[in-house]
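Position 130, counted from 1, in the sequence shown is what the numbering used here calls 361; the numbers after and before it change by one each time, with no gaps. Think of the CB as a built atom: it goes at the ideal place given N, C-alpha and C, for glycine as much as any other residue. Predicted model, so just to flag it, every value in this text is computed and none were measured.
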Amino acid sequence: MPIYLDNSATTRSCDAAIAAMEQSMREDYFNPSALYGPALKTEKMMRACREEILKAVRAPAGSTVVFTSGGTEADNLAILGRTIKAHGAGRILYSAGEHPAVKEACLATGLKAVEMPYDKNGVVDVAALPELLTPDTVLICCMQVNNETGAVQPLKEISDLRKKMAPAAHFHVDGVQGFLRLPFDMAGIGADTYALSGHKIHAPKGIGALVMGPNVSLSPRQIGGGQENALRSGTENTPGIAGLLAAIRHYPEENHMRETKLLLWQKIREAVPGAVVNGPSPDSAAAAPHILNVSLPPVRSETMLHALEGEGIYIGMGSACSSRKQKVSPVLKAMHTPQKQAESALRFSLCPDNTPEEMEQTAQAIARQYTILSKFQRR
Numbered sequence: 232m233p234i235y236l237d238n239s240a241t242t243r244s245c246d247a248a249i250a251a252m253e254q255s256m257r258e259d260y261f262n263p264s265a266l267y268g269p270a271l272k273t274e275k276m277m278r279a280c281r282e283e284i285l286k287a288v289r290a291p292a293g294s295t296v297v298f299t300s301g302g303t304e305a306d307n308l309a310i311l312g313r314t315i316k317a318h319g320a321g322r323i324l325y326s327a328g329e330h331p332a333v334k335e336a337c338l339a340t341g342l343k344a345v346e347m348p349y350d351k352n353g354v355v356d357v358a359a360l361p362e363l364l365t366p367d368t369v370l371i372c373c374m375q376v377n378n379e380t381g382a383v384q385p386l387k388e389i390s391d392l393r394k395k396m397a398p399a400a401h402f403h404v405d406g407v408q409g410f411l412r413l414p415f416d417m418a419g420i421g422a423d424t425y426a427l428s429g430h431k432i433h434a435p436k437g438i439g440a441l442v443m444g445p446n447v448s449l450s451p452r453q454i455g456g457g458q459e460n461a462l463r464s465g466t467e468n469t470p471g472i473a474g475l476l477a478a479i480r481h482y483p484e485e486n487h488m489r490e491t492k493l494l495l496w497q498k499i500r501e502a503v504p505g506a507v508v509n510g511p512s513p514d515s516a517a518a519a520p521h522i523l524n525v526s527l528p529p530v531r532s533e534t535m536l537h538a539l540e541g542e543g544i545y546i547g548m549g550s551a552c553s554s555r556k557q558k559v560s561p562v563l564k565a566m567h568t569p570q571k572q573a574e575s576a577l578r579f580s581l582c583p584d585n586t587p588e589e590m591e592q593t594a595q596a597i598a599r600q601y602t603i604l605s606k607f608q609r610r
């Protein structure tokens with residue numbers, strides 16, 4: 232059986248989500264905007280999904296949920312739907328390791344976009360923020376969990392500084408890598424919007440959502456029939472929403488991902504004593520329970536990835552590579568990770584279904600391949 236450890240890229244849809252989607256397509260296929268009974272049942276399912284999302288993120292009273300095609304669209308709506316009203320005035324802050332869905336959207340606004348620096352562990356350097364937060368800041372964007380290193384970001388500290396120094400700024404959180412895997416208190420943190428994606432939590436691809444706090448006003452990025460409170464026109468993806476609802480309800484609140492991840496790190500260290508973690512210490516509160524980024528110098532990322540693929544183990548890379556030029560991940564670059572270390576970075580990302588036995592087998596495969604590959608170094 233293959234061992235899949237690239238769950239931050241995507242997850243297998245869970246059985247409950249697949250069953251819910253099949254029922255939606257075979258039986259509950261009605262347009263939720265129609266007025267007859269079966270359509271109202273579909274609309275009721277959508278309402279139940281919104282309620283589950285609001286409960287999961289502890290959204291403040293009066294919050295709403297807009298269904299989107301995924302995390303990218305949710306981030307774009309939060310950023311571009313907000314800044315379109317700024318008319319070229321003001322500035323935006325975004326963290327150094329943001330996903331392109333956030334970073335590129337910030338750069339596309341036409342406003343002055345300023346990067347919030349990372350420390351060596353890939354966590355926003357809160358001490359640097361007083362110089363960056365100005366009264367004309369209209370938007371602050373920070374992810375809940377970094378998708379490459381698993382670093383949990385200091386959202387409460389950022390929000391508290393925002394309240395003191397730029398109280399008019401909208402605070403957007405990309406929760407794609409954090410939703411359900413870590414607790415989130417939208418009301419307590421003071422976030423205005425929160426983006427999530429279904430296919431990271433065993434729902435299908437093509438469904439996501441943006442949670443909007445009370446009094447948040449956005450301009451639509453998609454115009455048409457006025458669905459989703461006129462913020463996201465187009466007939467809703469009801470099979471996807473049904474799958475998302477099932478995935479949320481069946482996601483295990485109690486799981487052993489952190490323990491499983493720590494076992495993997497222990498076994499990797501035993502197999503390769505020179506292994507280095509990129510990001511916070513795996514057992515710290517600043518590290519997400521499901522992501523482990525490790526460098527195994529001098530073996531390059533892509534080389535080890537394909538070697539493990541040959542053993543039926545699928546992982547991700549912590550650095551972006553191309554066939555013509557080796558490029559260091561912008562996240563690792565922002566952390567000032569040494570070049571050789573960054574070039575050998577690998578990302579192991581778990582789900583609740585991964586087992587200790589899989590971690591043992593993965594570490595054994597790494598040991599075998601490292602023994603062979605470390606003898607060959609590119610000059």
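Listed as beta-bridge partners of S580 by DSSP are D237 and I522. Assigned with DSSP and collapsed to three states, I315 falls in coil, not helix or strand. Take the alpha-carbon of M276 and the one of M548: they are about 38 angstroms apart.
Collapsing the DSSP output to three states places L449 in coil. The beta-carbon distance between L539 and Q600, rounded to whole angstroms, is 7 angstroms. This is short enough to meet the 8 angstroms contact definition.
When DSSP states are grouped into helix, strand and coil, E346 belongs to the strand group.
Pairing D514 with S532, the inter-Cα distance amounts to about 23 angstroms. Of the other Cβ atoms in all chains shown, fewer than 16 fall within 10 Å of the Cβ of I454; this residue is therefore exposed.
Looking at the DSSP output, V508 sits in a beta bridge with V525. Within the region 402–459, the complete alpha helix (DSSP H) runs of at least 4 residues fall at 417–420. If you ignore the 5 residues before and after P233, its C-beta comes within less than 8 angstroms of the C-beta of G543, I544 and Y545, all in its own chain and listed in chain order. Exclusion of the five residues before and after V562 leaves G328 and E379 as the residues of its chain whose Cβ lies within less than 6 angstroms of its Cβ. Residue pairing by DSSP places V296 opposite V442 in a beta bridge.
Annotated as distal: N307 and A279, with beta-carbon spacing of 8 angstroms or more. I544 is bridged by DSSP to I234. Taking V525 as reference, the option from L604, L493 and I389 with the minimal CA-CA separation is L493.
Per DSSP, reduced to three states, the secondary structure at R289 is coil, with no helix or strand assignment. The alpha carbon of T568 has as its nearest neighbour, out of D246, G353, Y325 and S326, the alpha carbon of G353. Counted as a single uninterrupted DSSP element, the alpha helix (DSSP H) harbouring C337 occupies residues P331 to L338. Sequence-distant partners of S428 (beyond 5 residues in either direction) whose C-beta falls short of 6 angstroms from its own C-beta, in its chain, are G301, G302, V407 and G439. Its Cα nearest to that of Y235, the residue G541 stands out among E459, G541, A250 and G456. V559 sits in coil when the DSSP states are folded into three classes, being neither helix nor strand. Within the same chain, Cβ atoms closer than 6 angstroms to the Cβ of K436 are found at H430, the five residues on either side in sequence being excluded.
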